[in-house]
Amino acid sequence: MKTKLYTHLGHDGPWLLPKTDEEYDERISFIKTTKPEVERAARLCLIAEVTAPLPSTLQKTLAAWQKARAAWEKADPARQKAYAALQKAYAALQKARAAWQKADAAWQKADAAWLVAINSPEGVAFHAKVCGCSWSPEHPDTLEGLAR
Ligand SMILES: [Zn+2]
């Protein structure tokens, strides 16, 4: 990413910033179209490209900034792609969860109806016919009375 250094791109921000040509053009356009008219000339007057050689500390710090920025730009597309996949997966999760909640409510209702049916007089009579143990709705523990 090629940058140039500009002074006072904002009135109260950092006094010197590295910006691409595109970023610079966007800022100038933003000032010309969006900032109050009374401020525009003063803002534009303070913005200037700095081409003078930088003091050594600034030069070293800028080199590190550019290296870190390049690494950030290299990593960002993968982050964006993963985030888009996450959003898609999240939407699928919400849809699946809604379907599951509907199914779960129906299943719970059916399960409750099943318990009512097997403990109804008809269910109890059927138990006596197919099993014949001491179980009853009043005494549901089939090991009741067993020394444990
Ligand atoms: Zn039984």
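First residue of the sequence shown? That's 2 in our numbering, and the numbers climb one at a time after it. The beta carbon of each residue, even a glycine, is placed where N, CA and C say it ideally should be.
Assign residue 158 to one of three DSSP states: helix, strand, or coil. Any question about residue 158 goes unanswered here, given that the chain covers just 2 to 149.
Based on the DSSP secondary-structure assignment, which residues constitute the bridge partners of residue 19? 6
Exposure label - residue 91; buried when at least 16 CB within 10 Å: exposed
Report the three-state DSSP secondary structure of residue 139 (helix, strand or coil). Under the three-state reduction of DSSP, residue 139 is assigned to coil, being neither helix nor strand.
Taking only heavy atoms of ligand 1 into account, decide whether any of them is closer than 8 Å to the Cβ of residue 133. The nearest non-hydrogen atom of ligand 1 is less than 8 Å from the C-beta of residue 133.
One or two residues paired with residue 170 in a DSSP bridge: What the structure shows of the chain is the stretch from 2 to 149, and residue 170 is not part of that stretch, so it cannot be assessed.
Relative to the C-alpha of residue 25, which residue among 9, 106 and 115 is closest? 9
Take every Cβ of the stretch 36-55, pair it with every Cβ of the stretch 2-19, and state whether three or more of those distances are shorter than 8 Å. yes
Just to confirm, is the Cβ distance from residue 124 to residue 135 under 9 Å? no
Roughly how many angstroms lie between the CA atoms of residue 104 and residue 84, to the nearest whole one? 30 Å
Near residue 70, what residues of its chain come up, given a Cβ to Cβ distance below 7 Å and the 5 sequence neighbours on each side ignored? 2, listed in sequence order.
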